[in-house]
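All remarks here apply to the structure that follows.
Shown next, in the form of structure tokens:
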């Protein structure tokens, strides 16, 4: 409070009411800055990509590029392949996740903890790193097939071509379905199930007629996410040498034919369109179906113990999934300490020199990752908090617009954003210098920031929603102004959520490949993810690549754990501060 | 709907504990065929647990549960054919009203046209025929309640269980639904058990009721029976409002009982048909059996009089309720109101006349 400087008489007088506009000037300023940022680094680049796809050389509108696209066999094939792989991945991920989710919610058993671990394990390894490791375990001459061939005389070509991509993607992304489905099933009121039992339903019919339909929104949310992620993924097919899919085709066109080749843009538009279509369809199906039926004081689905053979089945399934999920982790770890490892079940000799190589050769990459991701995540948190505050605590007209703008990034593949940046900032120099923007790391950082903003924003919104308005109103009634309230009350209470948002943004940016791969213009600017990819291109680089991969996994694992802790801690403090 | 074979329910020495916490202790109870029976008790009394036990969602650890004379202990919930309406109705939001109601019949693999006929009939019965294609979310609380009822009675259950059926409704609707429930139950003749913590609800609706506290069955009887002859302090206090005077029965003979009320003094009362034994006991009597007069007014000799000071007075319309300090005890007196009657102000010196025939001795 500022009474110390004011005279007694002045302090006693009420301050004159300031006009509304000036009081909200700061808010409008924040609103404007955020809008400019999102327009400059998201809307305009993407708009340009879309525009380029629909314009001929003379500048007239045309659908000709799309015509060309569908005339070429390779593109038609890529389109169909991408669609098949995405749908198949959703299907396989569903088969893996649904039983696991059901076990977690329904039964009282220790395996539930294992399943929780299963829900995080795959996510902490970037899929393209996982792909390399899985080649070593499940590939044509990988450990499993070598063993199979030796003992049974046959092999399973599960890592080849589209099947391989589907396998890797579904193993990597099934947690999205698992986590969403578990959350949805936990929200089902136990009475929903009991009344079905009471009316004579049970077992499979009970699940099919009541439980699964009620959990449908959660399932759909997860399945949509898997579809979009797989459809947009560039790293995995690229690392596995599968080029007849959309994302690799776009990448190859842009890098080999050049930025002026319209086909790269056509593919970008198709990818955006399918992302939006998938999200829109899911939203349409889920409309008006908020089935969160658990009411205050209600109890969740009743848990029961597993019978003997049920436990056997449950642990069997968990074991199989756990083994497959752990395979890439084990593979990458072995690879990072293997001297020689080819055509053998396990490496022939072990060494730590790959780690030494990484630390002598490429400390720059680790530094770069810390720098880019730290800046990007910091930017996300500042913007995310500001947007959350404007949306939840003010009545600025058009405030929802910011949410829509920021969330639009969800539907934009990294590859497409990178293409947009290259196109938009071609020939633009960094302010006050002669360095072209496309040659600096600024664009990589910005791409990370824009792509991770939706996640950071969700974190911040959730954190702010937990802070009861009355806590702010008390501060204001005690004389704190808006800024002071934000600084002294809102931000400290949100801190855990903000930190969690920061960490999530940081770790997901750290393993992002699709934008990185296009925007990295010099080796000295390469972050870890690009480094792993580069190393993996050559046989001799695999060891150091794997070592770098292990480092990345460790960083992501620690980050995930920290973010989880932060969220739990805020929940606890905020809960304790409220009646 | 066809008239059903009416079924009885009998609980014999039922006990249930969650870990070391006993929830039901040696509950024995018989509910007659066609009866509308209430389980009344405060929260945590075990009444809902008992209901869920009948439905099969909880398992008792000892005792027997007989439906129509047959023990159903261990029979799975879906095989019991005992219908239950849940407190929050538990209507499935992903199904229409029609599908919700048809659910149990579909589970029973009944022929399609029979399902259609029965669902139509029951929706007609609860007056919701025109809402068949709505979703539960589009209905009011009272309508949802009726759907839940229809969904349960359509399977022609042996027993109908209602868990706090009226608690989610506002007051006016509650009174209306109370009537509807009663009419429906009479029409169907279904043995019905409902759980409530609201004594008024139980008294106005049920034929008989059981009062539970801390997992122990306190008393079973009709509304008037429980109100007029409570067996212990808990029932006296839970069913209606009551005055309790703790103390000692000092002398008993054929005509009179002398009672020393703690902090009040000696009282002499006429002996009831079953006189109490000497020792510590409590006197219980209803507020409307207590007359309130100014000190110097002539005392009616048939009543037992004590002196006190008015602490507070509430005007409730039909009557006025006084809280009066008598020695160290506080007594409540309800006086019928009529226009022009002025109230005693707080602080007024008064005399309270207790109607001795309506006083009950509650032993420890």
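Residue numbers (our numbering), protein chains in the order written: chain Z, 7 to 585; chain V, 4 to 367.
Where is the CB? At the ideal position from N, CA and C, for every residue including glycine.
- Item | Inside the stretch 407-465 of chain Z only - alpha helix (DSSP H) runs reaching at least 4 residues | Taken in chain order, the unbroken stretches of alpha helix (DSSP H) that lie wholly in the stretch 407-465 of chain Z and span 4 residues or more are 420-430.
- Name the two residues that bound the continuous alpha helix (DSSP H) containing residue 147 of chain V. From DSSP, the alpha helix (DSSP H) with residue 147 of chain V extends over 144-156.
- Item | Between the CA atoms of residue 318 of chain V and residue 368 of chain V - distance to the nearest angstrom | Because chain V in this structure spans residues 4 to 367, residue 368 of chain V falls outside the shown range and cannot be described.
- Find the residues of chain V that neighbour residue 211 of chain Z, judging by a C-beta separation of less than 8 Å, and give them in chain order. The CB of residue 211 of chain Z comes closer than 8 Å to the CB of 110 in chain V, given here in chain order.
- Message: Which residue wins for smallest C-alpha separation from residue 349 of chain V, given the options V:311, V:231, V:75 and V:272?
- Response: Closest by alpha carbon: V:311.
- Could you list which residues in chain V have their beta carbon closer than 7 Å to that of residue 204 of chain Z, in chain order? By Cβ distance, chain V contributes 58, 80, 86 and 87.
- In three-state terms, what does DSSP make of residue 25 of chain V? Here residue 25 of chain V sits in strand by DSSP.
- On the three-state DSSP scale, how would you describe residue 232 of chain V? Coil at residue 232 of chain V, not helix or strand.
- Message: Can you pull the chain V neighbours of residue 208 of chain Z, defined as C-beta to C-beta under 9 Å?
- Response: Annotation: Cβ neighbours of residue 208 of chain Z in chain V (cutoff 9 Å, chain order): 79, 80, 81, 82 and 110.
- Query: How is residue 207 of chain V classed by DSSP in three states: helix, strand or coil?
  - Reply: Here residue 207 of chain V sits in helix by DSSP.
- Task: Classify residue 337 of chain V as helix, strand or coil using the three-state DSSP reduction.
- Result: Here DSSP, grouped into helix, strand and coil, assigns residue 337 of chain V to strand.
- State yes or no: is the beta carbon of residue 20 of chain V nearer than 9 Å to at least one beta carbon in chain Z? Between residue 20 of chain V and chain Z, the shortest Cβ-Cβ separation is not below 9 Å.
- Message: Which of the three DSSP states is assigned to residue 323 of chain V in this structure?
- Response: DSSP, reduced to helix, strand and coil, places residue 323 of chain V within a strand of the structure shown.
- Query: How many whole angstroms separate the CB atoms of residue 99 of chain Z and residue 245 of chain Z, which I take to be in contact at a CB cut-off of 8 Å?
  - Reply: Not quite, the Cβ-Cβ distance comes to about 20 Å (not below 8 Å), so this is no contact.
- How big is the Cα-Cα spacing for residue 500 of chain Z and residue 455 of chain Z? Between residue 500 of chain Z and residue 455 of chain Z, the C-alpha separation is close to 20 Å.
- Taking three-plus beta-carbon pairs below 8 Å as touching, is the stretch 62-71 of chain Z in contact with the stretch 423-439 of chain Z? Too few Cβ pairs lie closer than 8 Å, so no.
- Message: Please return the same chain residues whose Cβ sits closer than 8 Å to the Cβ of residue 331 of chain V, not counting the five positions on each side in sequence.
- Response: Taking C-beta separations shorter than 8 Å and ignoring five residues to either side along the sequence, the partners of residue 331 of chain V in its chain run 265, 266 and 267, following chain order.
- Query: In the structure shown, what three-state DSSP assignment does residue 16 of chain V receive?
  - Reply: For residue 16 of chain V, the secondary structure class from DSSP, reduced to helix, strand or coil, is strand.
- Query: Among Z:92, Z:539, Z:308 and Z:211, which has the Cα closest to the Cα of residue 281 of chain Z?
  - Reply: For the set Z:92, Z:539, Z:308 and Z:211, the Cα lying nearest the Cα of residue 281 of chain Z is the one of Z:92.
- Under the criterion of a Cβ to heavy atom distance below 8 Å, does residue 104 of chain V qualify as lining the ligand NAD? With respect to small molecules bound, the structure shown includes none, and the ligand NAD cannot be examined in it.
- Along chain V, which residues have their Cβ under 8 Å away from the Cβ of residue 195 of chain Z? The answer, in chain order, is 91 and 93.
- Task: Check residue 323 of chain Z in the structure and name its three-state DSSP category.
- Result: Three-state DSSP puts residue 323 of chain Z in a helix.
- Any Cβ of chain V within less than 9 Å of the Cβ of residue 215 of chain Z? For residue 215 of chain Z, the answer is yes, since a Cβ of chain V falls inside 9 Å of its Cβ.
- So what's residue 22 of chain Z in DSSP terms, helix, strand or just coil? Caution applies to residue 22 of chain Z, whose pLDDT of 49 falls short of 50 and renders its modelled position unreliable; the model cannot decide the point.
- Cα-Cα separation between residue 80 of chain Z and residue 234 of chain Z, rounded to whole angstroms: Residue 234 of chain Z has its alpha-carbon roughly 22 Å from the corresponding atom of residue 80 of chain Z.
- Under 8 Å between beta-carbons, which chain Z residues line up against residue 158 of chain V? List them in chain order, please. Chain Z residues near residue 158 of chain V: 205 and 206.
- Query: For residue 559 of chain Z, does the three-state DSSP call read helix, strand or coil?
  - Reply: Helix, per DSSP.
- Alpha carbon to alpha carbon, what distance is there between residue 49 of chain V and residue 18 of chain V? Computed Cα separation, rounded: 11 Å.
- Neighbour list for residue 200 of chain Z in chain V, Cβ cutoff strictly below 9 Å: In chain order: 55, 58, 60, 80, 87, 89 and 93.
- Message: For residue 137 of chain V, would you say it is in contact with chain Z, using Cβ-to-Cβ distances shorter than 9 Å as the test?
- Response: No, residue 137 of chain V does not count as interfacial toward chain Z.
- Message: Restricting to Cα atoms, I'd like to know which of V:246, V:51 and V:205 is closest to residue 227 of chain V.
- Response: Here the closest residue by C-alpha is V:205.
- Amino acids of chain Z, ordered along the chain, whose beta-carbon sits closer than 7 Å to that of residue 107 of chain V: The contacting residues are 205 and 206.
- Give the range of the beta strand (DSSP E) segment to which residue 259 of chain V is assigned. Going by DSSP, residue 259 of chain V is part of the beta strand (DSSP E) stretching over 259-264.
- Item | Range of the contiguous beta strand (DSSP E) that encloses residue 345 of chain Z | Per DSSP, residue 345 of chain Z belongs to the beta strand (DSSP E) from 344-346.
- Item | residue 505 of chain Z versus residue 380 of chain Z: straight-line alpha-carbon distance, rounded | Rounded to the nearest angstrom, the two C-alpha atoms are 12 Å apart.
- Task: Could you round the C-beta distance between residue 106 of chain Z and residue 127 of chain Z to whole angstroms and report it? I think they count as a contact, below 8 Å.
- Result: The C-beta separation of residue 106 of chain Z from residue 127 of chain Z comes to about 12 Å, leaving the pair out of contact by the 8 Å criterion.
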